[in-house]
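The next block holds one structure in the form of structure tokens; read it before the comments.
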Amino acid sequence: MPGPRIEVEDDPTPLVLALRAELIERLTDPAFAALTGELAGTAAVRVAESPEAVRFSFGDLLTVRHGAGGAEATATIGGRGRWDGLAIAGEAEHPELARWLRALTAPPERPWRVAAARFWERLEGWPGAPSALLVVNLESDQRERFGNGSRAYEIHARPEPLVAVLEGRAPLIAAAFEREIYIRGSFAEISVLSGAALRVRLGAGAGDA
Amino acid sequence: MPERTQLGAWISENGISSIRLEATNHDGLVLGKYLSAEKFLGAAERGVQIADTAFGVDLSGDVALGWDWGDWRGEVTDITAVPDLETLTVDPSFPGLGSVICDFATGDGRPVPICGRSMLKRLISRLADHGLSAIVAPEIEFSAFEEPIQTARERNYRGLTPLGGPARITYLLSRSGDFNELMSRAAERLTELGVEWESWSSETAAGQAEINIAPTDPLSAADHVIRTKLALREVADELGHSVTFMALADEHLGASMHVNLSLLDGDRNPFFAESGRPEDAPVLRHWIAGLLATMPAAMSLFSPTVNSYRRLVEIAGPPTTVTWGDENKSTAVRTVTRSPGSARIEHRLPAVDCNPYLALSAILAGGLIGMEEELEPPAPFTEMAWGLEPDAAPRIPDSITTAADALEADERLTALLGAEAVEYWLGSRRWEWLTFHRSGGDPDSVSDFELARYFEHL
Numbered sequence: 312m313p314g315p316r317i318e319v320e321d322d323p324t325p326l327v328l329a330l331r332a333e334l335i336e337r338l339t340d341p342a343f344a345a346l347t348g349e350l351a352g353t354a355a356v357r358v359a360e361s362p363e364a365v366r367f368s369f370g371d372l373l374t375v376r377h378g379a380g381g382a383e384a385t386a387t388i389g390g391r392g393r394w395d396g397l398a399i400a401g402e403a404e405h406p407e408l409a410r411w412l413r414a415l416t417a418p419p420e421r422p423w424r425v426a427a428a429r430f431w432e433r434l435e436g437w438p439g440a441p442s443a444l445l446v447v448n449l450e451s452d453q454r455e456r457f458g459n460g461s462r463a464y465e466i467h468a469r470p471e472p473l474v475a476v477l478e479g480r481a482p483l484i485a486a487a488f489e490r491e492i493y494i495r496g497s498f499a500e501i502s503v504l505s506g507a508a509l510r511v512r513l514g515a516g517a518g519d520a
Numbered sequence: 009m010p011e012r013t014q015l016g017a018w019i020s021e022n023g024i025s026s027i028r029l030e031a032t033n034h035d036g037l038v039l040g041k042y043l044s045a046e047k048f049l050g051a052a053e054r055g056v057q058i059a060d061t062a063f064g065v066d067l068s069g070d071v072a073l074g075w076d077w078g079d080w081r082g083e084v085t086d087i088t089a090v091p092d093l094e095t096l097t098v099d100p101s102f103p104g105l106g107s108v109i110c111d112f113a114t115g116d117g118r119p120v121p122i123c124g125r126s127m128l129k130r131l132i133s134r135l136a137d138h139g140l141s142a143i144v145a146p147e148i149e150f151s152a153f154e155e156p157i158q159t160a161r162e163r164n165y166r167g168l169t170p171l172g173g174p175a176r177i178t179y180l181l182s183r184s185g186d187f188n189e190l191m192s193r194a195a196e197r198l199t200e201l202g203v204e205w206e207s208w209s210s211e212t213a214a215g216q217a218e219i220n221i222a223p224t225d226p227l228s229a230a231d232h233v234i235r236t237k238l239a240l241r242e243v244a245d246e247l248g249h250s251v252t253f254m255a256l257a258d259e260h261l262g263a264s265m266h267v268n269l270s271l272l273d274g275d276r277n278p279f280f281a282e283s284g285r286p287e288d289a290p291v292l293r294h295w296i297a298g299l300l301a302t303m304p305a306a307m308s309l310f311s312p313t314v315n316s317y318r319r320l321v322e323i324a325g326p327p328t329t330v331t332w333g334d335e336n337k338s339t340a341v342r343t344v345t346r347s348p349g350s351a352r353i354e355h356r357l358p359a360v361d362c363n364p365y366l367a368l369s370a371i372l373a374g375g376l377i378g379m380e381e382e383l384e385p386p387a388p389f390t391e392m393a394w395g396l397e398p399d400a401a402p403r404i405p406d407s408i409t410t411a412a413d414a415l416e417a418d419e420r421l422t423a424l425l426g427a428e429a430v431e432y433w434l435g436s437r438r439w440e441w442l443t444f445h446r447s448g449g450d451p452d453s454v455s456d457f458e459l460a461r462y463f464e465h466l
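Residue numbers (the working numbering), protein chains in the order written: chain H, 312 to 520; chain A, 9 to 466.
This is how it looks when you write it as structure tokens:
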């Protein structure tokens with residue numbers, strides 16, 4: 312993997328795990344990796360209206376720990392786990408850190424088919440998982456089916472909420488409450504699907520959560 | 009307790025008009041219904057239907073998600089609360105009210121895998137297969153405040169006044185009368201309910217007390233913990249005060265549920281050796297070894313919430329290492345073995361916010377593993393087991409996630425507790441962790457989220 316070696320605190324918080332997973336993926340982009348390698352200091356990501364925060368300290372190692380204390384630049388992310396578009400604190404003094412934070416927290420949206428395939432990878436074979444999954448893009452009426460089972464769990468939505476759910480950035484059940492997605496399957500499968508979404512979001516080492 | 013066929017007469021003789029069913033879910037929440045006396049007569053036979061959401065929502069009432077629920081849950085299907093008539097009692101503080109403790113059964117009549125009371129019964133039975141029975145005496149610590157619960161809510165459970173004054177002195181008798189009134193009334197109420205208690209005293213933190221339940225069988229001991237917590241809340245409410253069983257409501261209020269346990273082999277206590285030395289009692293040695301071997305995993309059941317782990321501080325908190333010692337309260341398992349009548353272990357790890365059925369199940373399972381595998385313990389720890397350098401003794405898991413990981417890795421304990429139960433428990437603990445962080449929990453200090461979630465109901 313290009314870029315610096317990443318060290319995460321013991322017993323990391325969910326946001327530390329999520330941003331580590333995001334970081335690892337972003338570092339596959341040579342431009343982002345190069346930018347990361349040039350940085351010094353400390354940057355942070357904070358969740359709006361919450362104590363949840365993560366700070367990145369740049370040096371020989373890129374350390375990722377919970378909390379935003381001591382950060383020179385801080386970006387706030389909103390409900391969908393993306394930069395909220397408001398000013399990044401400390402940007403004037405540390406424009407490179409701000410640029411890096413923006414790149415980390417506002418990456419290009421992943422295509423829905425790619426998100427669906429990743430989601431299925433994290434769902435298939437888990438206890439209680441459906442034997443097939445049907446994902447329908449309501450904007451284009453395109454559909455993707457995964458697995459060979461005769462009965463598929465179905466998720467129908469427009470691309471933006473669909474990707475947010477499949478990436479674990481928006482809780483599946485909340486999106487269903489809000490009628491942003493439509494689902495067909497059993498109640499118990501919602502639990503198992505929610506676990507898969509979290510594994511996508513939190514990456515390796517996230518257990519069965 | 010009345011036989012099923014005598015229930016009608018019992019209801020009539022005691023002037024019972026309603027019965028409160030009391031059933032404890034995995035989180036330790038006491039759930040139930042009030043039934044008319046007539047309805048109860050039928051329910052005593054068949055049980056009462058309750059939605060499976062009794063095990064499906066978290067401590068804030070949100071749907072808990074992320075794991076395989078098992079085949080006993082469905083599209084908000086019904087499970088059954090089955091009254092245990094051995095626990096049926098009159099509640100003199102509420103004329104006309106009886107109460108009964110229930111087990112949870114699935115729709116087809118099996119015990120719900122994660123029903124702690126059913127799990128505990130199964131382990132007691134396994135112990136009986138060895139010709140042994142256990143005697144358990146829990147110690148319940150809690151904190152009381154001058155303000156009523158309504159005021160506590162208005163203040164987000166912060167800035168409350170410790171009942172009985174600000175002194176932080178254990179056994180202190182000169183606390184003000186309001187403290188003594190609460191405890192005396194609570195003790196009376198426990199006696200009325202058939203909960204035998206041995207003593208109560210002032211504890212280390214301001215407003216903190218401990219009540220010691222009299223030795224009894226493990227199932228009754230856990231039932232008594234549940235009823236003691238309910239009774240204390242009810243008495244505090246009557247007197248215009250509030251109490252909490254949070255493990256750490258603020259930095260001075262760590263609260264545990266120490267568990268004293270001995271065994272009986274007929275009339276003989278196998279934890280006693282004539283020498284008075286614990287090492288000379290083989291059954292005790294094996295139990296200690298089993299408890300230590302399963303301790304990291306069992307910690308998940310001893311400390312169920314993120315808040316539970318906040319009390320793990322050196323010297324001022326519970327033990328922090330996987331150690332045992334004779335008459336050594338700094339170790340996780342203390343032995344007291346001077347006389348056959350009192351030879352016992354004191355397990356010093358459970359937090360008071362634990363589900364007592366699950367915590368006692370973990371203790372029995374650990375002891376059974378040690379005994380069945382004839383495990384041998386390390387040497388007793390003879391120094392203070394707090395404040396040690398990192399490698400001096402194995403550390404107890406210090407977070408909800410590391411304890412869950414330890415439980416997931418412990419195949420022996422999982423086998424005894426039941427694989428389905430452990431899977432459900434692990435899923436619910438990881439949900440608790442996730443919800444804590446995503447809902448405003450602060451890893452570094454007691455947060456409003458914790459106070460709102462735990463103060464009133466655990």
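Think of the CB as a built atom: it goes at the ideal place given N, C-alpha and C, for glycine as much as any other residue.
These numbers were taken from a predicted model, which means no experiment stands behind them.
Counting along the chain, where does the alpha helix (DSSP H) carrying Tyr-365(A) start and finish?
Counted from its first residue, the second sequence places residue 365(A) at position 357. Its alpha helix (DSSP H) spans residues 364-380.
Is Ser-407(A) close to chain H? Criterion is C-beta to C-beta, closer than 7 Å.
In the second sequence, counting from the first residue as 1, residue 407(A) sits at position 399. Closer than 7 Å: yes.
According to DSSP, simplified to helix, strand and coil, what is Val-365(H)?
In the first sequence, counting from the first residue as 1, residue 365(H) sits at position 54. Note: Val-365(H) maps to strand in three-state DSSP.
Which residue comes first and which comes last in the alpha helix (DSSP H) that contains Thr-409(A)?
Working through the second sequence from its first residue, we reach residue 409(A) at position 401. 408-417 is the span of the alpha helix (DSSP H), which, as asked, contains Thr-409(A).
At least one CB of chain H closer than 7 Å to the CB of Trp-75(A): is that the case?
Taking the first residue of the second sequence as position 1, residue 75(A) is located at position 67. Closer than 7 Å to some Cβ of chain H, the Cβ of Trp-75(A) qualifies, so yes.
Give the straight-line distance between the Cα atoms of Ala-59(A) and Glu-53(A), rounded to the nearest whole angstrom.
As a working note, residue 59(A) is residue 51 in the second sequence. As a working note, residue 53(A) is residue 45 in the second sequence. For Ala-59(A) and Glu-53(A), the distance between alpha carbons rounds to 19 Å.
I'd like to know whether the C-beta of Pro-441(H) is nearer than 7 Å to at least one C-beta of chain A.
Working through the first sequence from its first residue, we reach residue 441(H) at position 130. Closer than 7 Å: no.
Look at the Cβ atom of Arg-461(A), then the Cβ atom of Ser-68(A), and state whether they are nearer than 7 Å.
Counting from one through the second sequence, the residue named residue 461(A) turns up at place 453. Counting from one through the second sequence, the residue named residue 68(A) turns up at place 60. It is a contact, given that the beta carbons lie within the stated cut-off.
Could you check whether Arg-352(A) and Glu-268(A) sit closer than 7 Å to each other, using their CB atoms as the reference points?
Stepping through the second sequence from its first residue, residue 268(A) is reached at position 260. Stepping through the second sequence from its first residue, residue 352(A) is reached at position 344. This sequence places Asn at residue 268(A); Glu is not what is there. Their beta carbons are under 7 Å apart, which means Asn-268(A) touches Arg-352(A) by this criterion.
Relative to the alpha-carbon of Pro-385(A), which residue among Thr-159(A), Thr-302(A), Thr-169(A) has its alpha-carbon at the smallest distance?
In the second sequence, counting from the first residue as 1, residue 385(A) sits at position 377. When each option's Cα is compared against that of Pro-385(A), the closest is Thr-302(A).
Would you say Phe-367(H) faces chain A, with C-beta separation under 7 Å as the test?
To locate residue 367(H), count along the first sequence from 1; it is residue 56. So no, Phe-367(H) is outside the interface.
Near Thr-61(A), what residues of its chain come up, given a Cβ to Cβ distance below 7 Å and the 5 sequence neighbours on each side ignored?
Indexing the second sequence from 1 puts residue 61(A) at position 53. Counting only Cβ-Cβ distances below 7 Å, and skipping sequence neighbours, we find Val-84.
Kindly indicate which three-state DSSP category Leu-320(A) falls into: helix, strand or coil?
Residue mapping note: residue 320(A) aligns to position 312 of the second sequence, counting from 1. DSSP places Leu-320(A) in coil when its eight states are reduced to three.
Could you check which residue in Ser-447(A), Trp-205(A), Leu-415(A), Glu-149(A) has the C-alpha nearest to that of Arg-437(A)?
Within the second sequence, numbered from 1, the residue matching residue 437(A) stands at position 429. Out of Ser-447(A), Trp-205(A), Leu-415(A), Glu-149(A), Leu-415(A) has the C-alpha closest to the C-alpha of Arg-437(A).
Within this structure, are the beta carbons of Ile-221(A) and Trp-208(A) separated by less than 7 Å?
On the second sequence, position 213 is the one that residue 221(A) refers to. On the second sequence, position 200 is the one that residue 208(A) refers to. It is not a contact, given that the beta carbons lie outside the stated cut-off.
Between Leu-421(A) and chain H, is there a C-beta pair that is closer than 7 Å?
Residue numbering aside, residue 421(A) sits at position 413 when the second sequence is read from its first letter. With 7 Å as the cut-off, Leu-421(A) does not count as an interface residue toward chain H.
Can you confirm whether Leu-269(A), when its beta carbon is compared against all beta carbons of chain H, has any partner nearer than 7 Å?
As a first step, residue 269(A) is located in the second sequence; it is residue number 261 there, counting from the start. Judged by the 7 Å Cβ criterion, Leu-269(A) is not in contact with chain H.
Any C-beta of chain A within less than 8 Å: which residues of the stretch 313-333 of chain H qualify?
Of all residues in the stretch 313-333 of chain H, Asp-322, Thr-324, Pro-325, Leu-326 have a Cβ within less than 8 Å of some Cβ in chain A.
Excluding sequence positions up to five away, which residues of its chain have a Cβ less than 6 Å from the Cβ of Pro-348(A)?
Here residue 348(A) corresponds to residue number 340 of the second sequence, with the count starting at 1. If we look at Pro-348(A) and ignore the five residues flanking it on each side, its Cβ neighbours are Asn-277, Phe-280.
Please determine, among Glu-428(A), Pro-405(A), Leu-135(A), the residue with the shortest C-alpha to C-alpha distance to Gly-378(A).
Position 370 of the second sequence, counted from the start, is the residue given in the question as residue 378(A). Of the listed residues, the one whose Cα sits closest to Gly-378(A) is Leu-135(A).
Got a sec: is the Cβ-Cβ distance from His-405(H) to anything in chain A below 7 Å?
Within the first sequence, residue 405(H) is the residue found at index 94, counting from 1. His-405(H) does not count as touching chain A.
Is the distance from the Cβ of Ala-255(A) to the Cβ of Ala-244(A) below 7 Å?
What you label residue 255(A) is simply residue 247 of the second sequence in a count that begins at 1. What you label residue 244(A) is simply residue 236 of the second sequence in a count that begins at 1. Contact: no.
Use the C-beta contact count for Leu-15(A): other C-beta atoms within 10 angstroms, 16 or more gives buried, fewer gives exposed.
As a working note, residue 15(A) is residue 7 in the second sequence. Classification of Leu-15(A): buried, given that the 10 Å Cβ count is 16 or more.
Would you check if the distance between the CB atom of Thr-95(A) and the CB atom of Val-108(A) is smaller than 7 Å?
Counted from its first residue, the second sequence places residue 95(A) at position 87. Counted from its first residue, the second sequence places residue 108(A) at position 100. Yes, they are a contact pair.
Can you tell me whether Asn-188(A) is helix, strand or coil according to DSSP?
Residue numbering aside, residue 188(A) sits at position 180 when the second sequence is read from its first letter. The answer is helix: DSSP assigns Asn-188(A) an H, G or I state.
Hey, quick one: how far does the beta strand (DSSP E) through Ala-306(A) stretch, first residue to last?
Position 298 of the second sequence holds residue 306(A). Looking at the DSSP string, Ala-306(A) is not in any beta strand (DSSP E); the run it does join, the alpha helix (DSSP H), is 290-310.
Against chain H, with Cβ distances strictly below 7 Å, would Glu-428(A) count as a contact?
Residue 428(A) sits at position 420 when you count from the first residue of the second sequence. Output row for Glu-428(A): interface = no.
Taking C-beta pairs closer than 9 Å, name the residues in chain A that Gly-506(H) reaches, listed in chain order.
Within the first sequence, the letter at position 195 stands for residue 506(H). Simply Leu-73, Gly-74, Trp-75, Asp-76, Gly-435, Arg-438.
CA-CA distance, Glu-196(A) and Glu-206(A)?
Locating residue 196(A) in the second sequence gives position 188, counting from the first residue. Locating residue 206(A) in the second sequence gives position 198, counting from the first residue. Each residue's alpha carbon lies about 12 Å from the other.
Express the C-alpha separation of Val-375(H) and Leu-434(A) in angstroms, rounding to a whole number.
On the second sequence, position 426 is the one that residue 434(A) refers to. On the first sequence, position 64 is the one that residue 375(H) refers to. Cα to Cα, the separation comes out at about 26 Å.
So what does Val-476(H) bridge to, in DSSP terms?
For the purposes of this step, residue 476(H) is taken as the residue at position 165 of the first sequence. Val-476(H) is not bridged to any residue.
For Asn-268(A), name the three-state secondary structure that DSSP assigns.
Within the second sequence, the letter at position 260 stands for residue 268(A). Asn-268(A): strand per DSSP, three-state reduction.
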